[in-house]
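**Q** Input: one structure, supplied below.
Numbering (my numbering), first residue to last: 1 to 174.
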């Protein structure tokens with residue numbers, strides 16, 4: 001199989017909360033976008049804090065979003081910043097919107113599926129790196145499998161239990 005065909009093949013798929021699935025593929029465009037966001041390929045691979053003490057959800061949205069680029073998938077929306085030396089960088093996070101209906105990828109991901117998302121990203125990203133000319137060589141240093149602890153801090157004002165759409169609250173005063 002040729003490298004181009006490998007690159008176009010899906011490395012993994014993820015399920016979205018609206019019942020659809022999306023295949024993750026990391027083309028040169030996707031990898032270049034991640035490098036522009038994080039600064040280097042190694043920084044991309046270590047963007048997720050696997051200790052459980054730092055950010056995991058935000059970087060996962062960024063990593064998955066880049067893998068969802070392409071025809072029928074999602075389109076990146078971002079701001080660039082040019083410094084005094086003329087170097088351009090992506091300022092802040094990239095928002096990924098579905099081309100067909102404009103839905104934001106971050107709204108279609110479920111926080112409880114973090115492990116599934118990390119596994120899918122690792123599979124697809126490793127497949128892309130192999131097909132980008134590494135000739136079967138191991139992935140660059142830093143691509144070791146991540147172990148993400150999905151321990152929840154519990155319910156808070158921003159995380160509450162899901163309520164079915166058929167739920168009707170009791171009226172007050174009766």
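The beta-carbon is built from N, C-alpha and C at its ideal position, and this holds for glycine as well. Owing to the predicted nature of the structure, the values given are computational and were not obtained by experimental measurement.
Residue 48: which of 26, 121, 15, 126 sits nearest, CA to CA?
**A** The shortest Cα separation from residue 48 among 26, 121, 15, 126 belongs to 121.
**Q** So does residue 29 have its beta carbon nearer than 7 Å to some heavy atom of the ligand FAD?
**A** This structure lacks the ligand FAD, and indeed carries no ligand of any kind.
**Q** By Cβ distance, which residues of its chain are closer than 7 Å to residue 138, with the 5 residues on each side in sequence left out?
**A** The predicted model places residue 138 with a pLDDT of 44, which falls under 50 and marks its position as unreliable, so this point remains unresolved.
**Q** Evaluate residue 59 with the Cβ neighbour count: other Cβ atoms within 10 Å of its Cβ, from every protein chain shown; 16 or more gives buried, anything less gives exposed.
**A** Note on residue 59: 16 or more other CB atoms within 10 angstroms of its CB, so buried under the neighbour-count rule.
**Q** So, is residue 88 buried or exposed, given that buried needs 16 or more other C-beta atoms within 10 angstroms?
**A** exposed
**Q** When DSSP builds the beta bridges, which residues end up paired with residue 23?
**A** 13
**Q** If you follow the beta strand (DSSP E) that residue 48 is part of, which residue opens it and which one closes it?
**A** That residue, residue 48, is in no beta strand (DSSP E); it is neither H nor E in DSSP.
**Q** Per DSSP, what kind of secondary structure is residue 193 in: helix, strand or coil?
**A** Only positions 1 to 174 of the chain appear in the structure, and residue 193 is not among them; the question remains open.
**Q** Any idea if residue 25 is buried or exposed, counting beta-carbon neighbours within 10 angstroms, 16 or more meaning buried?
**A** buried
**Q** Suppose you measure from the CA of residue 192 to the CA of residue 78; what does that come to, to the nearest Å?
**A** Because the chain spans 1 through 174 in this model, residue 192 falls outside it and cannot be assessed.
**Q** Nearest to residue 23 by alpha carbon, out of 37, 104, 41, 67?
**A** Minimum Cα distance to residue 23 is reached at 67.
**Q** Excluding the 5 residues preceding and the 5 following residue 102 in the sequence, name in chain order all residues of the same chain whose CB lies nearer than 6 Å to its CB.
**A** none
**Q** Going by DSSP in three states, residue 110 sits in which element: helix, strand or coil?
**A** Residue 110 falls in the coil class under three-state DSSP.
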